[in-house]
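First up is the structure itself, then whatever we jot down about it.
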Amino acid sequence: MRARAVYGTLAAVALLVLGFLYWSGSGGDSSEPARASAPGTGSGASPDEPAVFARESGGARSPTATPEPTPLPRSQRGIVPVRVTFPTNGIDAPVIEGDVDARINQMVPPDSATDVAWYDYSALPGEGGNAVFAGHVDLANYGPAVFWALRNADPGDLVQVVLSDGALLTYSIEFTELYPAVGGPWNELFSPQIGTDALTIYTCEGNFADGEYDQRRVVRAVLVDVQDGAQPS
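Have a look at this one:
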């Protein structure tokens, strides 16, 4: 798409997304838990005792393992997508974080012809929602750009996203459609929650006049595989 391309209106989506940006923790019970008496002593266990003991059927006691803490979701650990590839279409590009112009509630296209933008109002890939990506089809004084070949994508083709923690997520294309630039179902397509873990990938297409294209190519892909990478230390 060209720098003057107008992206889909996100007014309703942007308002919806505000509720996803902040999380509040729930307060726990402030009372001190009761201490079990050590077998045979009749007295409470030392507060410094590192393990809770359970009596087995044979009378011996064994320590109960302390459960590992549940890791925070990737989105709360600063993990972001860093690369997207279409193995059968030759698309292989770095991912940057895209911006939304709050004054007009529109996605801002990437400056570079070779970058793909991920819009962080949308979901992080792999966390159950709809992750929205966009890139140029071509650019003035450059020629065909990162998503020039997006028109050749077919249902069943794979799309892979690499996250900054090394995880590799594989998606299968569900549909590829052309929509009018004005009047397309953009709020529905770009909603961060659509009931499945998906990618929505977007670029310009159609006839070029008055500095912009009159159609938009949208590719929707659903998650089929996750390979976790190295976890942060």
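Per my numbering, the very first residue in the sequence shown carries number 1090; after that it's consecutive. Cβ atoms here follow ideal geometry from the backbone N, Cα and C, with glycine treated the same way. Owing to the predicted nature of the structure, the values given are computational and were not obtained by experimental measurement.
Local Cβ density within 10 Å of Gly1339, reported as buried at 16 or more and exposed below that: The structure shown does not extend to residue 1339, since the chain is modelled only from 1090 through 1322, so no value can be given for it.
Any alpha helix (DSSP H) of 4 or more consecutive residues that is wholly inside the region 1255-1309: 1275-1279
Counted within 10 angstroms of its Cβ, other Cβ atoms place Val1315 as buried (16 or more) or exposed: Translated into positions along the sequence shown, residue 1315 becomes position 226. Flag for Val1315 reads exposed.
Segment limits, beta strand (DSSP E) that includes Ala1202: On the sequence shown, position 113 is the one that residue 1202 refers to. Note, Ala1202: premise wrong, no beta strand (DSSP E); not H, not E.
Touch test, the region 1246-1263 against the region 1204-1222, Cβ-Cβ under 8 Å, three pairs minimum: yes
Other residues of its chain near Leu1110: CB distance less than 6 Å, five sequence neighbours each side excluded: Here residue 1110 is taken as the residue at index 21 of the sequence shown, counted from 1. Model confidence at Leu1110 stands at a pLDDT of 32, short of 50, so the residue's coordinates are unreliable and nothing is read from them.
C-alpha gap between Val1169 and Leu1213, whole angstroms: Residue mapping note: residue 1169 aligns to position 80 of the sequence shown, counting from 1. Residue mapping note: residue 1213 aligns to position 124 of the sequence shown, counting from 1. Their Cα atoms are separated by approximately 7 Å.
Candidates Asn1241, Ala1256, Gly1272, Ala1229, of which the one nearest Glu1301 by Cα: The residue given as residue 1301 occupies position 212 in the sequence shown. Nearest C-alpha to Glu1301: Ala1229.
C-beta atoms of Thr1265 and Asp1286 nearer than 8 Å: In the sequence shown, counting from the first residue as 1, residue 1265 sits at position 176. In the sequence shown, counting from the first residue as 1, residue 1286 sits at position 197. No, the Cβ-Cβ distance between Thr1265 and Asp1286 is not below 8 Å.
Residues near Pro1233 in its chain [Cβ-Cβ closer than 7 Å; skip 5 each side]: In the sequence shown, counting from the first residue as 1, residue 1233 sits at position 144. Counting only Cβ-Cβ distances below 7 Å, and skipping sequence neighbours, we find Asp1227.
Residue interval of the beta strand (DSSP E) (run including Ala1223): Translated into the one-based positions of the sequence shown, residue 1223 becomes position 134. Run containing Ala1223: 1219-1223, per the beta strand (DSSP E) assignment.
DSSP state of Leu1247 mapped onto helix, strand, coil: Taking the sequence shown and counting its residues from 1, one reaches residue 1247 at position 158. Of the three classes helix, strand and coil, the one that applies to Leu1247 here is strand, per DSSP.
Nearest residue (CA-CA) to Leu1271, options Arg1306, Glu1263, Asp1254: To locate residue 1271, count along the sequence shown from 1; it is residue 182. First, the amino acid is wrong: residue 1271 is Val here, not Leu. Taking only the C-alpha atoms, the option nearest Val1271 is Arg1306.
For Pro1281 and Tyr1231, the rounded distance between their alpha carbons: Position 142 of the sequence shown, counting from 1, holds the residue named residue 1231. Position 192 of the sequence shown, counting from 1, holds the residue named residue 1281. Whole-angstrom Cα-Cα distance: 32 Å.
Asn1241 burial status per 10 Å Cβ neighbour count (16 or more: buried): For the purposes of this step, residue 1241 is taken as residue 152 along the sequence shown, with counting starting at 1. Classification of Asn1241: exposed, given that the 10 Å Cβ count is below 16.
Whole-angstrom distance between His1225 and Tyr1260, CA atom to CA atom: To locate residue 1260, count along the sequence shown from 1; it is residue 171. To locate residue 1225, count along the sequence shown from 1; it is residue 136. Cα-Cα distance, rounded: 21 Å.
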